[in-house]
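Numbering of the sequence shown is given in the numbering used here, commencing with residue 1 and proceeding in unit increments.
Note sheet for the following structure.
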Amino acid sequence: MKNLYVSSNFFFNTDLETMMNKTKRYGFSGIEVWAQQFDLSRYSRKECRTLSDQYGLKNFVHAKSWDLNFASLNQNIRNTSIEEIKRSIDLADALAISEVTVHPPQMTLVGDRDRSLRLGRNSLAEIVSYGESKNIDVSIELMEKLPHELVTSYEEFTELADGFIDQLKVTIDIAHCDSLEEFEHYFEVFDNISKIHLSNRKGKVLHTPLYEGDYDFSSCFDTILKKNLPIVLEGFDARPGLMQVKKEVSDIKKIMEENNGF
Numbered sequence: 001m002k003n004l005y006v007s008s009n010f011f012f013n014t015d016l017e018t019m020m021n022k023t024k025r026y027g028f029s030g031i032e033v034w035a036q037q038f039d040l041s042r043y044s045r046k047e048c049r050t051l052s053d054q055y056g057l058k059n060f061v062h063a064k065s066w067d068l069n070f071a072s073l074n075q076n077i078r079n080t081s082i083e084e085i086k087r088s089i090d091l092a093d094a095l096a097i098s099e100v101t102v103h104p105p106q107m108t109l110v111g112d113r114d115r116s117l118r119l120g121r122n123s124l125a126e127i128v129s130y131g132e133s134k135n136i137d138v139s140i141e142l143m144e145k146l147p148h149e150l151v152t153s154y155e156e157f158t159e160l161a162d163g164f165i166d167q168l169k170v171t172i173d174i175a176h177c178d179s180l181e182e183f184e185h186y187f188e189v190f191d192n193i194s195k196i197h198l199s200n201r202k203g204k205v206l207h208t209p210l211y212e213g214d215y216d217f218s219s220c221f222d223t224i225l226k227k228n229l230p231i232v233l234e235g236f237d238a239r240p241g242l243m244q245v246k247k248e249v250s251d252i253k254k255i256m257e258e259n260n261g262f
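In structure tokens form, the structure reads like this:
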């Protein structure tokens, strides 16, 4: 399935060999490796790179984001967040991966936007500079519209990235969009979109399975494919048996048939 990738979170309690084997077997082009999962599972960087080459997979890294905020008013949290994202860039470097997805920072105090932007901008500049030193692109993911989020639109992205926009890529998450019209709008205003995160949403519940949500992908998937960008299927499954990813693969093949494939 050309240009279709899968989040490693579908294989949350799985060994690397099984993850890579199933990714290839299910027809994905590669994996977006969640850096936090990599550490929690104590995966071997050498084994991951060897298996990726063996199975012919092209991968991305998703930087750590849980419990982090590089615009935090607490300097220690801010510094730790920067260092953990740098370690995610180091992981990408070790795995010969050229792009890292990074969640933008948040407001510690809702409404304290100006100060949060200033702190976040300074931190992001340091992160981008570190990525450039490793020849690794940083792709900022636009987030869902929650009160504490700093970057949920094109305008908010330009505020955070003021002064170094040309050094950044952007990841668009369909589940973070309030409508498919909003998703389409981003391709009119951004010229640096590097990939798409794919899952459904049901009201305010995000990242639901493809056929369990508000979006009818059977009628719009062709439009998404025509963007000709990497599409990362997102989800989370810590249960044995890999049932969720199996169901998603079955569903996406049905959608592909309805849209004449890739």
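All C-beta atoms in this analysis are idealised placements derived from N, C-alpha and C, irrespective of residue type, glycine included.
Quiz item: When you compare each of Thr14, Asp53, Thr50 and Gly27 to tryptophan 34 by their alpha carbons, which one comes out closest?
Solution: If you number the sequence shown from 1, residue 34 lands on position 34. For the residues Thr14, Asp53, Thr50 and Gly27, the minimum Cα distance to tryptophan 34 belongs to Thr14.
Practice problem: Examine the Cβ distances between the segment 24-42 and the segment 199-213 and report whether three or more of them are shorter than 8 Å. | Solution: no
Quiz prompt | Cβ-based neighbour list, valine 128, same chain, cut-off 7 Å, excluding 5 preceding and 5 following | solution = The residue given as residue 128 occupies position 128 in the sequence shown. Excluding positions up to five away in sequence, the list reads Val138, Phe164, Gln167 and Leu168.
Exercise. Would you decide whether phenylalanine 262 is buried or exposed? Buried here means 16 or more other CB atoms lie within 10 Å of its CB.
Key: If you number the sequence shown from 1, residue 262 lands on position 262. Low per-residue confidence applies at phenylalanine 262: pLDDT is 46, beneath 50, and the placement is therefore not dependable, though the value from the model is reported in the following sentence. Looking at its Cβ environment, which holds fewer than 16 other Cβ atoms inside 10 Å, phenylalanine 262 is exposed.
Exercise. Would you tell me roughly how many angstroms separate the C-alpha atoms of phenylalanine 221 and methionine 256, rounded to the nearest one?
Key: Counting from 1 along the sequence shown, the entry for residue 221 is found at position 221. Counting from 1 along the sequence shown, the entry for residue 256 is found at position 256. Roughly 8 Å between the two C-alpha positions.
Self-check item: Collapsed DSSP secondary structure at aspartate 173 in the structure displayed
Solution: Position 173 of the sequence shown, counted from the start, is the residue given in the question as residue 173. Strand at aspartate 173.
Self-check item: DSSP-derived helix/strand/coil call for threonine 223
Solution: Locating residue 223 in the sequence shown gives position 223, counting from the first residue. Threonine 223: helix per DSSP, three-state reduction.
Quiz item: Near aspartate 173, what residues of its chain come up, given a Cβ to Cβ distance below 7 Å and the 5 sequence neighbours on each side ignored?
Solution: Along the sequence shown, one-based indexing puts residue 173 at 173. Excluding sequence neighbours, aspartate 173 sits near Glu141, Leu142 and His197.
Exercise. Helix, strand or coil for glycine 111, going by three-state DSSP, please let me know.
Key: Position 111 of the sequence shown holds residue 111. Reduced to three states, the DSSP call for glycine 111 is coil.
Exercise. Identify every residue that forms a DSSP beta bridge with arginine 201.
Key: Position 201 of the sequence shown holds residue 201. Paired residue(s): Leu206.
Quiz item: Buried or exposed: aspartate 64, going by 16 or more other Cβ atoms within 10 Å of its Cβ?
Solution: Residue mapping note: residue 64 aligns to position 64 of the sequence shown, counting from 1. It is worth fixing the name first, because residue 64 is lysine in this sequence and not aspartate. Its Cβ being crowded by 16 or more others within 10 Å, lysine 64 is buried.
Self-check item: Integer Cβ distance of threonine 152 from glutamate 144, believed to fall under 8 Å
Solution: Along the sequence shown, one-based indexing puts residue 152 at 152. Along the sequence shown, one-based indexing puts residue 144 at 144. Indeed, because the Cβ distance is near 7 Å, the residues count as touching under 8 Å.
Quiz item: Can you round the beta-carbon distance between serine 44 and isoleucine 82 to whole angstroms, since I take them to be within the 8 Å contact cut?
Solution: Position 44 of the sequence shown, counting from 1, holds the residue named residue 44. Position 82 of the sequence shown, counting from 1, holds the residue named residue 82. Not really, about 26 Å apart at Cβ, beyond 8 Å.
Quiz item: Taking the alpha helix (DSSP H) that isoleucine 85 falls in, what are its first and last residues?
Solution: For this step, residue 85 is matched to residue 85 along the sequence shown. Counting along the chain, the alpha helix (DSSP H) containing isoleucine 85 begins and ends at 75-94.
Exercise. Compute the distance between the beta-carbons of alanine 96 and arginine 42, then report whether it is under 8 Å.
Key: Counting from 1 along the sequence shown, the entry for residue 96 is found at position 96. Counting from 1 along the sequence shown, the entry for residue 42 is found at position 42. No.
Exercise. Could you name each continuous beta strand (DSSP E) segment of 3 residues or more that falls completely within the segment 22-55, going from the start of the chain to the end?
Key: 30-34
Quiz prompt | Whole-angstrom C-beta distance between leucine 150 and leucine 117, which should lie under 8 Å | solution = Translated into positions along the sequence shown, residue 117 becomes position 117. Translated into positions along the sequence shown, residue 150 becomes position 150. Contact holds; Cβ gap of about 7 Å.
Practice problem: Give the range of the beta strand (DSSP E) segment to which threonine 152 is assigned. | Solution: In the sequence shown, counting from the first residue as 1, residue 152 sits at position 152. Element bounds for threonine 152: n/a, residue is neither H nor E.
Exercise. For isoleucine 89, count neighbouring C-beta atoms within 10 Å of its own C-beta (all shown protein chains included) and say buried if the count is 16 or more, exposed if not.
Key: Counting from one through the sequence shown, the residue named residue 89 turns up at place 89. Buried: at least 16 other Cβ atoms inside 10 Å.
Practice problem: Identify whether aspartate 137 lies in helix, strand or coil by the three-state DSSP scheme. | Solution: As a working mapping, residue 137 is identified with position 137 in the sequence shown. Three-state DSSP puts aspartate 137 in a strand.
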